[in-house]
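This note's numbering puts the first residue of the sequence shown at 9, with every later residue one more than the last. Note that beta-carbon positions come from the ideal geometry of N, C-alpha and C, so glycine has one too.
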Amino acid sequence: MQNCLQEIVQRTKLFAWQVEQLRFSGDFYIYNPLQYAWEMHEAYIRAYLSHPVKTLLLGMNPGPFGMAQNGIPFGEVDAVKQFLKLDEPIQKPTIEHPSRPVLGLSVQRSEVSGKRLWALMAEHYESADVFSQEMAITNYCPLAFMERTKHAKNITPDKLPKGERMALETICDRYLLDMILLLKPTYLIGVGKYALKKLQQVVFEDDGYILGSLIHPSPANPQANKNWKEKTQQQLITLGIWKDA
């Protein structure tokens with residue numbers, strides 16, 4: 009397989025800088041794990057995003073107890089340590105929400121979405137290295153937005169004011185397209201409908217891509233709370249990504 013590692017590392021560094029230049033009017037905290045957790049994210053790129061793959065899975069943006077903690081897409085802490093086997097220094101955002109301190113791999117809370125997704129990959133593939141020969145997982149937006157309330161409610165990018173959302177999406181669209189061109193996947197799969205919509209906006213099925221979506225594994229999604237694993241396995245089989253047992 010052709011190695012595209014250096015191009016992806018440099019493109020992601022630029023992406024991290026570009027989103028950092030944006031300004032938002034909302035009264036919330038913003039975390040950019042591509043900056044304070046860069047060493048971990050770069051290690052993830054080097055281990056699992058270094059060459060073309062058959063399938064690219066796209067998430068939305070960092071979860072508070074996953075990527076916001078460690079810089080890994082859907083980065084549930086046990087999955088990062090045990091399946092991906094990554095352990096790099098993680099710094100702190102400039103300003104932290106009191107209810108959402110960045111504790112890195114010491115965080116005690118589990119990111120349910122990441123736990124479900126990475127557990128499915130760990131069950132299907134014998135190792136993360138084998139997984140990475142076929143699949144890659146990344147997020148559309150690297151920023152986490154949290155309300156300045158005690159509960160630090162997560163604000164998804166689609167809820168931003170239109171002008172600010174469009175400025176962010178312009179940068180994210182270009183990065184997503186560049187990642188697709190570097191990783192050369194056949195299957196482009198949104199984890200949830202928002203991610204599928206973003207994929208549909210940057211490529212066309214006429215270009216030879218097969219687009220689809222999986223049920224988002226978040227517990228906030230009612231469809232995810234009953235038989236998510238079995239439903240998602242069947243979706244991957246129906247799409248032609250996995251073979252029926």
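Asked: Same chain, Cβ closer than 6 Å to ALA160, neighbours up to 5 away in sequence not counted; Found: HIS105, SER107, ARG108 and MET154
Asked: Residue of HIS49, ARG54 and GLU131 minimising C-alpha distance to ASN11; Found: ARG54
Asked: Anticipated Cβ contact below 8 Å, PHE82 with SER121, distance rounded; Found: 6 Å
Asked: Cβ neighbours of MET174 in the same chain (closer than 6 Å, five flanking residues each side left out); Found: none
Asked: Per-residue DSSP class, three states only, for ALA144; Found: strand
Asked: Neighbourhood of TRP126 by C-beta distance below 7 Å, restricted to the same chain and skipping five residues each side; Found: PHE82, GLU84, ALA87 and PHE91
Asked: Straight-line Cα distance separating TYR52 from ILE80; Found: 7 Å
Asked: Residues near LEU57 by beta carbon distance below 6 Å, same chain, minus five either side; Found: ILE16 and ALA144
Asked: Cβ neighbour criterion (16 or more within 10 Å) applied to ASN233; Found: exposed
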